[in-house]
Amino acid sequence: MEINGSGKEKILSPVLIPTQGKIKKAAAGTKFSLYLTTDGQLYGWGNLVVGEQIISQDN
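Be aware that the sequence shown starts at -11, since it is given in the numbering used here, and climbs by one per residue.
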């Protein structure tokens, strides 16, 4: 899928939303998104990262 018809940026895979905790806060830009869940986990998408947990309360 092309973004804004520019032909330069493409979505390579669907964005997955974490199901373990409800989303407390979200931040999204044109190339990267972050989601903080109510159980304290932070997930990131973009820049070759798809649904990767990057921070948890245990760290």
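Glycine included, C-beta positions come from ideal geometry on N, C-alpha and C.
All values derive from a computational prediction rather than experimental measurement.
Contact set for residue i: own chain, Cβ-Cβ below 7 Å, skip 5 residues either direction
i: Gly34; result: Lys19, Phe20 and Ser21
Close-in-space but distant-in-sequence residues of the same chain around residue i (CB under 6 Å, 5 per side omitted)
i: Lys13; result: Leu24
Cβ shell of residue i (< 8 Å), same chain only, five flanking positions each side left out
i: Thr26; result: Gly9, Lys10, Ile11 and Lys12
i: Ala16; result: Leu22
i: Asn47; result: Legend: pLDDT at Asn47 = 44, less than 50; position of this residue unreliable, value from coordinates given subsequently. Hits under 8 Å: none found.
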